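Heads up: the structure comes next, in structure tokens.
Number of protein chains: 6
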Amino acid sequence: MSQVVTFGEVLMRLSPEGNKKFIQSNTLEFYFGGTEINVGISIANFGGSVKHISFISNDFIGDTAIAYLNKFDVDTSSIVRSNRPLGVYFLEVGAVMRPSSISYNRSHSAFSEIQPSMINWEESLIDSEWFHWTGITPALSQGSLDALREGLKLARKKGITVTADPTYRSGLWKYGQDPKEALSELLEYSTIFIGGINEINEVLGTTFSYSNEDFILASKQLIARFPSIEKVFDKIRTSVNSSWHKIRARMWNGNEFRETQDLDITHIVDRIGTGDAFAAGLIYGLQQFDDFKAMEFASAACALKHTYEGDVNFATVKEVMGILEGNTTGRFTR
Amino acid sequence: MSQVVTFGEVLMRLSPEGNKKFIQSNTLEFYFGGTEINVGISIANFGGSVKHISFISNDFIGDTAIAYLNKFDVDTSSIVRSNRPLGVYFLEVGAVMRPSSISYNRSHSAFSEIQPSMINWEESLIDSEWFHWTGITPALSQGSLDALREGLKLARKKGITVTADPTYRSGLWKYGQDPKEALSELLEYSTIFIGGINEINEVLGTTFSYSNEDFILASKQLIARFPSIEKVFDKIRTSVNSSWHKIRARMWNGNEFRETQDLDITHIVDRIGTGDAFAAGLIYGLQQFDDFKAMEFASAACALKHTYEGDVNFATVKEVMGILEGNTTGRFTR
Amino acid sequence: MSQVVTFGEVLMRLSPEGNKKFIQSNTLEFYFGGTEINVGISIANFGGSVKHISFISNDFIGDTAIAYLNKFDVDTSSIVRSNRPLGVYFLEVGAVMRPSSISYNRSHSAFSEIQPSMINWEESLIDSEWFHWTGITPALSQGSLDALREGLKLARKKGITVTADPTYRSGLWKYGQDPKEALSELLEYSTIFIGGINEINEVLGTTFSYSNEDFILASKQLIARFPSIEKVFDKIRTSVNSSWHKIRARMWNGNEFRETQDLDITHIVDRIGTGDAFAAGLIYGLQQFDDFKAMEFASAACALKHTYEGDVNFATVKEVMGILEGNTTGRFTR
Amino acid sequence: MSQVVTFGEVLMRLSPEGNKKFIQSNTLEFYFGGTEINVGISIANFGGSVKHISFISNDFIGDTAIAYLNKFDVDTSSIVRSNRPLGVYFLEVGAVMRPSSISYNRSHSAFSEIQPSMINWEESLIDSEWFHWTGITPALSQGSLDALREGLKLARKKGITVTADPTYRSGLWKYGQDPKEALSELLEYSTIFIGGINEINEVLGTTFSYSNEDFILASKQLIARFPSIEKVFDKIRTSVNSSWHKIRARMWNGNEFRETQDLDITHIVDRIGTGDAFAAGLIYGLQQFDDFKAMEFASAACALKHTYEGDVNFATVKEVMGILEGNTTGRFTR
Amino acid sequence: MSQVVTFGEVLMRLSPEGNKKFIQSNTLEFYFGGTEINVGISIANFGGSVKHISFISNDFIGDTAIAYLNKFDVDTSSIVRSNRPLGVYFLEVGAVMRPSSISYNRSHSAFSEIQPSMINWEESLIDSEWFHWTGITPALSQGSLDALREGLKLARKKGITVTADPTYRSGLWKYGQDPKEALSELLEYSTIFIGGINEINEVLGTTFSYSNEDFILASKQLIARFPSIEKVFDKIRTSVNSSWHKIRARMWNGNEFRETQDLDITHIVDRIGTGDAFAAGLIYGLQQFDDFKAMEFASAACALKHTYEGDVNFATVKEVMGILEGNTTGRFTR
Amino acid sequence: MSQVVTFGEVLMRLSPEGNKKFIQSNTLEFYFGGTEINVGISIANFGGSVKHISFISNDFIGDTAIAYLNKFDVDTSSIVRSNRPLGVYFLEVGAVMRPSSISYNRSHSAFSEIQPSMINWEESLIDSEWFHWTGITPALSQGSLDALREGLKLARKKGITVTADPTYRSGLWKYGQDPKEALSELLEYSTIFIGGINEINEVLGTTFSYSNEDFILASKQLIARFPSIEKVFDKIRTSVNSSWHKIRARMWNGNEFRETQDLDITHIVDRIGTGDAFAAGLIYGLQQFDDFKAMEFASAACALKHTYEGDVNFATVKEVMGILEGNTTGRFTR
């Protein structure tokens, strides 16, 4: 498979075991995450070739973050080191009607202080045929927005596929930039849109509802506004409560609307990174299958991610295909 | 808020991790609990002012118990130290159709050997406007019954609100006192009754059923017998199995009967202290809201407690209100 | 109760905590298992007298395995030591639609290299009145098949009851023996058959379906083919997914067909050893109750096993009987 | 080897990991200990036949304690069950100049409430040829003193060897009995004295110093006073600090004084149970070797115990003999 | 005792267990530290009255930090909350010739962004009679220097004792201020100097050696330069390696030079916060004893701190006095 | 730096925490080790380019082993997968006079069943300039000896440096080959000998003593016998006990004898892999420094390894050089 490049912040995740709160804990589990490496590692776990580009602290924490990427065989050769610390997020995991809660320490992190000049995009993208970005990166700082824009420009110039997951998170975007404007500019360089009604409404300033009819209309309007975009994929999550979700997906690929069956996730193990698992499944799937099967693959990958602890989706292609073939009763693999 | 006083035994809780049994474990988790401190800490977590009065071992275990209360900002200045050990309970956590199992080592604990003279009630209650007691305390020993009676007498004399949670546990009451008689005497000093048909039948010697009709009749008869009691609140638990419960509440406040909706707790994290969370929610709620909303608050607080490990309810007012506003799907808080 | 003998491999089980994968872990939990000791320990936990016969490594791992059996009061006096290592299995525990995954390191283990001459069957069975074997043992090596055959011959000669659980696992049987032939020979010495349509079809070469009608026909045909067999018991598992199963059982005892109600296991703690818990419950039950109640007891024992971590069923007779009496809501035991 | 009987309380030991204090911990390690089972289990680990007699709680904690003894192949068939809880001790492990600290919860434990009638000594001692007692048992309660006296009387009547380790601990002996008197009576039934100047001075009311000269005089005077006593063994501990001790032993066997070399324990892992390891080594050694070699064996066993976590000495005969042969540099055993 | 006020940053400490590196860990232990709270908590553990003033994040991490201080009964009522995150430090613990290694994430922490206007010093110091500051606070930012200066000015105006521990750490002081100048200004408000030749040379611009002669000369010169300073206390650490240190202390109190014996810390458990333990011991000691005994108390407190995990000194007055009385061999406390 | 190739078995290491034994544990720590990957990873941690060649199980355990190598940036592209399981070793860590104890499960492991045809040496060595082998590999099986011989032949043909660490372990060599003969043949292809008197005596059949004089004579005789060998390096370990060692090194490089100072390792954290750390330090050092400094570097690297948990030496060049510069007192690195 061709190399997929991801670009974004690597965060250290710190959380007490199980459903404990920090106030009742002495020990924490740690992982590394960040929406873009979650996508990259998941693709690497499918057997894809992946490079992650980032700006990472030059201390033993940064060394550990890079070793974490190496462990999953993600190419770290274009990562640049910083004398600022790595971003951190703290997580308390909820259950039933208690929501999970996150506190960030990232606003002056290594990555937030990135400047476009720090990345040699020509060299970094030399082998790449796919570029994936998310709405988190431009939300962090002017520098990260600028650096991303540089990368996307080159990616488009090289004609490689660009997937955009413009997740809009209102708690970010504190540096003065207007999200709608920034995201719109970045979408000009993108070919596949991964996101739903919220994201479309955000960038178009529309008020579409969640209905399939509106999804089709919204997708068409999005494509009209951003002609480089060819396809729109949306993942829909229905929650019984924090511990029990259902997942399905729908798409408009310019020609047809399709929708998958619900997958019922009755006992969630870890909710983090499930959207990233969908994006990764889609990127992998679109390189292997037709659009609908790619979306089914992405949806099953997303469902499987809910069963792994940490941010990473460990699902293999064989395991995802197992679900597509209807093996969802969880018999032993020996 | 005015200061709430709780009085009762502090117990050390020891349990293997997860669903393990002692016979298959080498390590234990420990917490401090006891029905009255569970109520007190929960109110403190709502932002209330709380003092706990107790008799605690004068060793590093007792120091740790007191530090535990301090941590939650519960006033420990009226706690008296003993040269007897702290009571302990051992817990094996069940699942599905396996019940949880508890073994106590409390019958000669510091608290069980309390004598009324050990507490200076005048000084201890100087700032208090609410007194909460439960049926565990009089069940432990003549000394603990006597000490509680002293406290309640003074509380009534000062005209402060007294909530009674006369939980009847047949495995206690081993020192020769008749439960019905003892509880009746204590109810004479109480203004709010937190308990259901079982407790009413126990103190009245009646045989009311669990129906709403009987609940109303029973409440009226209770109030007739104990004229200081103004309101009766009852929490009803329906169990699918050890891992899945439903909670609702009902009340008779002298004027009207009301009942809440069921809250469905599909994946219980920790069952201990959920009744105490109801009592705490009610005490907090009655100081802030009307009777029905206080009961709704208590019911949501109780449901949330099932999602925290240990005996303590960590729910904040904001989190409980979130459920009252219908946010039970557990979306991330960032 | 009379002594039950089990014969088979003791395996060390190694698995990361919770739902973690090895690749994301630094620490493992370990247990000892193996289908036959699972049966034996469960019977010992019911209060039965049990001896386990095996061939175990002569190192500190083997010492630990034997201490593990001693801990549950299983007689280890007939165990022989080997200079080959103990077999090991590695387990990653799935959830929801992710299956659990097992990798074995047992093909040159101590037990696989057993030879019939290593066991003194006369002496080993001197106090035994029941012999239980499973289809795992003959699948491992010629030596283990031969040793088992010797034991069964003597058991039949002594007229003791022989339960057969001829689980057929296609990943084993690598040493050249035909499973059908080997299992058939061993069934000649057996009096009770614990297994379902798959096992019957395997040994008879038939194609019966899972229907009750076919189960009765299949059982009759099995008894016709193996006249020593008097009764057939079958456990049926329906899976919602890896985390949620339902269990029921059915039997043909030569005279009548009976079937139990479904038991709904909504939150599985550990899936391993649940079939062994059924067999153990049956062996214990058949010594105490009539056939149907024995099967109900076995079914409830099997359901309870899903709530214990590790391979062992810790359920006591009192706990199993509690379920038979309808106490499945999991109220506290104090 | 002939069966050694130990009689005494089984305690649950609870301690935070490493050098942590309870106030900074959420989890504890637990073991079972008690000076007499420490001796018994150590002898069992040498390959000796051991029975332990005790009075143990009839709950899942007591079940776990008995399983702990079974695990080490200690005969538990004469243990009687009680409806009182098991005794507990809490331990904070010191280091360097910080002493370890212990808090007990044992004064109303199962064992403390033992009565002589609860033990059938005739049946319990039927196969025994050695009886070991310590000064802890008579210090607990009148009942435990009385029960021990009964056992010792029978032991002497049967002519079996009785080792006495009359450790004097001033924090016990709270039930009114005079220690000197009680210990003296028990020493009348004893044949070997394990203890030093402190214990001799306690029972004789003398003021001997720690010098070898005084040790010889004291031993002679002890034997003169208690003619059944044939030999006196003393273990001497020199402390650099909590983490670094030296051990040596000396003896007067009626004929000669001998003394071992110092063993230098530079990095103590666990200090608990090291005196018990000496006693166990002596009991085992006196059955195998001459007096001096038995003492050397005991001394090396004691030194090794400092390297095991928990109360139990896991040292095997081969490992102890290795030290006697001068292998103290700790090369790998493969 | 009179109230001691400490002012400074609260940091979260994150470290792998034992001597592990982050790259080989999945779990971390966490504590809260910071040189000033280390001093404050230690004094509280001696039984002193302590208030800590700080600027702490307004999230669940900040809540946990405040609960940590409450647990040790430190008054947190003057703490102000910030919407910036709490500072963090990462620690890898060395051994033998491997140094421990620390990485900080504090340069944009809540405390670093403090402004003088955020603290109401008049109200905060209303009950205080002692103010302790360290060289870390002015090194962080202009705001923290300014806030500290405000506090010290008021403290001097109120005539309360001010202890200065002007630890100079070259890795800080990045905001442009000259350390010598800043520290000198702050020393103008101080009455007791805790520090050695390095700190004196830093503020005086001198080149004194470590000899006692130079220490006396340096102290005199310091007092000449800063007339408010009355006494100088210095702690001297000699390292065999990371695991084995020796500690002694010396003083010039304007009248006499005194020096303590070496304390030999052969097995260090945790090296962090040991200097803070010295300062705390001194502050406590100077309120109870003469100067020399206060210094001995401080030195023993410092030595004891090396035996506790985490940043906090748990030593009680009784434990410290035990060392002064020569009990350094670590016998059990029961 | 030029690429160093290592070839050998990857083993999973399983050990209880701290000094616990398996019989008292429920959880284990796991690492991957094996003398050759220990060397390779250490060189990679110095910044060297390393490839490891092996034959590894094709299951999730093998995936985890390969991810472990990737994490340290060791090139795994020439590793071949097997359907046999990975070798395992079990470790109990001793202390003071208790030796550590190891039990292996490797005799039918993936690597033991390697055949020369499975490795494409031409392709595997294409970028390599250094080949390191040890005496473990030829000791495992005929296939592993043959495969190693093939590799060494090609290495010599390419003229690359070959380091031999012919550790002789008598517990291996069970497949019938004469160790002396096999090792001699392999030494014909080697240029640097890392080993001491034991190894020289083994291959020459001599009886040299440990004296420096004998070391020089032995080295000369070795070089005479194996003319390709240019230099001999020997590491000498002196043990106080299992917890306290001293390390020094000596060499004969054909021209001169040199010897380093003792390094005193007073508190060993993990003894495993320390010899491998010496070899790695030597290989790295010989590429950077003269022979003596390389040996000093190796010796300091070896000493540092004793302070890391697990098999891997994490020491960086900067840390090792720190020791050469005399910084062995372990001050903090911030």
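Chains as they are written, first to last, in the UniProt record's numbering: chain A, 1 to 334; chain B, 1 to 334; chain C, 1 to 334; chain D, 1 to 334; chain E, 1 to 334; chain F, 1 to 334. For every residue, glycine included, the Cβ atom is placed at its ideal position computed from N, Cα and C. If you're wondering where the values come from, they're calculated on a predicted model, not measured in any experiment.
- Taking all protein chains shown into account, C:GLN288 has fewer than 16 neighbouring C-beta atoms within 10 Å of its C-beta and is therefore exposed.
- DSSP, read as helix, strand or coil, puts B:LEU86 in coil.
- D:GLN142 is not bridged by DSSP to any residue.
- Taking CB atoms only, B:GLN261 has no neighbour in chain C less than 8 Å away.
- For E:PRO85, the nearest beta carbon of chain A is closer than 8 Å to its own beta carbon.
- Residues of the segment 231 to 249 of chain F that bring their beta carbon within less than 8 Å of a beta carbon in chain D comprise SER239, VAL240, ASN241, SER242, SER243, TRP244, in sequence order.
- In the DSSP annotation of this structure, the continuous segment of the beta strand (DSSP E) that includes D:ASN241 starts and ends at 231 to 241.
- When the five nearest sequence neighbours on each side are left out, the beta carbons in the same chain lying within less than 8 Å of the beta carbon of F:GLU185 are those of ARG149, in order along the chain.
- A distance of 8 Å or more separates the beta carbons of E:PRO99 and E:SER57.
- In terms of beta-carbon proximity, A:LEU304 lines the interface with chain C, with at least one pair separated by less than 8 Å.
- Judged by DSSP secondary structure, E:PHE332 falls outside any beta strand (DSSP E); it is assigned neither H nor E.
- Judged by beta-carbon spacing, B:LEU140 lies beyond the 8 Å limit of B:SER103, meaning their Cβ atoms are not closer than that value.
- D:GLN24 counts as buried, since no fewer than 16 other beta carbons sit within 10 angstroms of its beta carbon.
- In this structure, the straight-line span from the alpha carbon of F:GLU213 to that of E:ARG250 is close to 51 Å.
- Per the C-alpha coordinates, the member of C:GLY195, C:GLY143, C:ILE192, C:LEU69 positioned closest to C:TRP173 is C:GLY143.
- Annotated three-state conformation of F:PHE46 is coil, per DSSP.
- Of the residues C:MET295, C:ASP75, C:TYR284, C:SER242, the one whose Cα lies closest to the Cα of C:ARG248 is C:MET295.
- DSSP places D:SER54 outside both helix and strand once states are collapsed to three, so it counts as coil.
- Annotation for B:GLY310: TYR31 place their beta carbon closer than 6 Å to its own, counting only its chain and skipping 5 residues before and after.
- Cβ-Cβ separation between D:ARG106 and D:GLY94: approximately 21 Å, too far for a contact (criterion under 8 Å).
- Cβ-Cβ distances below 6 Å link A:ALA298 to PHE278, GLY281, LEU282, GLY285 in the same chain, with the five nearest sequence neighbours on each side left out; the list follows chain order.
- Assignment of B:THR167 by DSSP, reduced to helix, strand and coil, places it in the coil class.
- When rounded, the separation of the alpha-carbon atoms in D:LYS20 and B:HIS108 is 28 Å.
- For A:TYR308, the chain C residues whose C-beta falls within less than 9 Å of its own C-beta are ASN19, LYS20, LYS21, GLN24, ALA95, ARG98, listed in chain order.
- DSSP places B:GLU29 within a strand segment (E or B) once states are collapsed to three.
- In terms of beta-carbon proximity, E:SER141 stays away from the interface with chain F, with every pair separated by 8 Å or more.
- Boundaries of the alpha helix (DSSP H) harbouring C:ILE323: 317 to 324, taken from the DSSP string.
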